[in-house]
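*Asks:*
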Amino acid sequence: MASSTLSIDMQLKLVPGNSAGTVTAYYVCFHSFRIFISFKFFSTNFEFLGNLSGDPYILHTNVFSQGKGNRELQFYLWFDPIADFHTYTILWNSQRIIFSVDGTPIREFKNQESNDVPFPKSQPMRIYSSLVEACVWTSGASSCSSATSSNANNGAWLSQDLDSISQDRLKWVQTNYMIYNYCADTKRFPQGLPVECTAS
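Numbered per our numbering, the sequence shown spans residues 232 to 431.
1) Distance, Cα to Cα, Tyr413 vs Asn301?
2) Between Pro425 and Ile321, what straight-line distance do the alpha-carbon atoms span, to the nearest angstrom?
3) By the three-class DSSP mapping on this structure, what secondary structure does Ser303 have?
4) Give the secondary structure of Trp403 by DSSP, where H, G and I count as helix, E and B as strand, and everything else as coil.
5) Quick one: is Pro312 buried, meaning 16 or more other Cβ sit within 10 Å of its Cβ, or exposed?
6) Could you check which residue in Ile337, Gln422 and Asn282 has the C-alpha nearest to that of Gln305?
7) Can you tell me whether Tyr319 sits near the ligand FMN, meaning its C-beta is under 6 Å from at least one heavy atom of the ligand?
8) Count the other CB atoms, across all protein chains shown, that sit within 10 Å of the CB of Glu427; report buried if there are 16 or more and exposed otherwise.
9) Looking at the secondary structure, which residues open and close the alpha helix (DSSP H) in which Glu339 lies?
10) Would you decide whether Asn407 is buried or exposed? Buried here means 16 or more other CB atoms lie within 10 Å of its CB.
11) Return the CA-CA distance between Pro349 and Ser296, expressed in angstroms with no decimal places.
12) With DSSP run on the structure shown, which of helix, strand or coil describes Gly371?
13) Roughly how many whole angstroms lie between the Cα atoms of Ala314 and Gln422?
14) Would you kindly report the start and end of the unbroken beta strand (DSSP E) that includes Cys260?
15) On the CB-based measure, 16 or more other CB atoms within 10 Å of its CB, does Ile329 come out buried or exposed?
16) To the nearest angstrom, report how far apart Asp347 and Gly248 are at their CA atoms.
17) Cβ atoms of Asn293 and Asn276: under 7 Å apart, would you say?
18) Assign Glu344 to buried or exposed, taking buried as 16 or more other Cβ atoms, counted over all protein chains shown, within 10 Å of its Cβ.
19) Are Tyr288 and Ser360 close, meaning C-beta to C-beta below 7 Å?
20) With a Cβ-Cβ cutoff of 7 Å, do Leu308 and His291 count as a contact?
Now the structure itself:
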């Protein structure tokens with residue numbers, strides 16, 4: 232389906248105990264087969280990185296643009312994601328992509344095509360979910376073991392922005408729970424941060 236807007240919720244309850252080496256992912260990918268095989272796809276990702284017993288889950292978000300990721304933000308959650316189901320939302324319109332948890336925005340990726348940052352518009356889109364063995368990537372270990380919609384009649388999200396309360400909640404989450412921000416990683420980008428990090 233080709234569209235210029237998308238809002239989708241996924242309710243997840245994560246597994247307790249030792250889930251080291253696993254990644255539970257929920258993502259929207261904008262591509263056609265021709266675009267995907269040329270690595271020019273767009274994708275917005277929620278990924279939950281497995282953990283050793285007692286360690287908190289890490290919520291990893293990423294935006295792929297023209298097949299290039301490297302736009303990670305990572306968070307600890309302010310609740311226990313194994314105790315109950317929580318709602319993870321990707322809202323995408325022509326101005327921005329907003330990631331939210333239980334209605335609280337945690338990330339905003341703005342359309343900066345005016346600064347030559349590619350942004351998905353009207354590409355075919357698909358929704359995916361996966362459970363991946365990613366032992367080395369998530370824990371650095373050579374081996375791990377695991378113990379274990381939108382409403383078309385409501386068009387408000389078609390051009391949704393973050394109001395002042397949502398901006399405050401976004402800032403609260405990023406100040407108190409964000410543990411990695413690619414826009415602050417000057418060692419990773421010694422030639423300069425990506426343009427979207429420095430553009431206003």
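All residues carry an ideal CB built from backbone N, CA and C; glycine is no exception.
*Replies:* Put simply:
1) Note on geometry: alpha-carbon atoms of Tyr413 and Asn301 lie some 7 Å from one another.
2) If I take the Cα positions, the gap works out to 22 Å.
3) Residue identity check: residue 303 is Glu in the sequence provided, not Ser. For Glu303, the secondary structure class from DSSP, reduced to helix, strand or coil, is coil.
4) Trp403: helix per DSSP, three-state reduction.
5) Taking all protein chains in view, the Cβ of Pro312 is crowded by 16 or more other Cβ atoms within 10 Å, so the residue is classified as buried.
6) Looking at the Cα atoms, Ile337 is the closest of the given residues.
7) Ligands in the displayed structure: none, and consequently the ligand FMN is not present.
8) The residue in question, Glu427, is buried, as its Cβ has 16 or more Cβ neighbours within 10 Å.
9) Note, Glu339: premise wrong, no alpha helix (DSSP H); beta strand (DSSP E) at Thr335 to Lys341.
10) The residue is exposed, with fewer than 16 neighbouring Cβ atoms inside 10 Å.
11) Note on geometry: alpha-carbon atoms of Pro349 and Ser296 lie some 6 Å from one another.
12) Below a pLDDT of 50, predicted positions are generally treated as unreliable, and Gly371, at 49, falls in that range; no measurement from the model is reported.
13) About 43 Å.
14) That run of the beta strand (DSSP E) goes Thr253 to Phe261.
15) Ile329 sits buried, since 16 or more C-beta atoms from the chains shown fall within 10 Å of its C-beta.
16) Those two C-alpha atoms are separated by around 44 Å.
17) Yes, they are a contact pair.
18) Classification for Glu344: exposed.
19) For Tyr288 and Ser360, no; Cβs fall outside 7 Å.
20) Contact flag unset, no.
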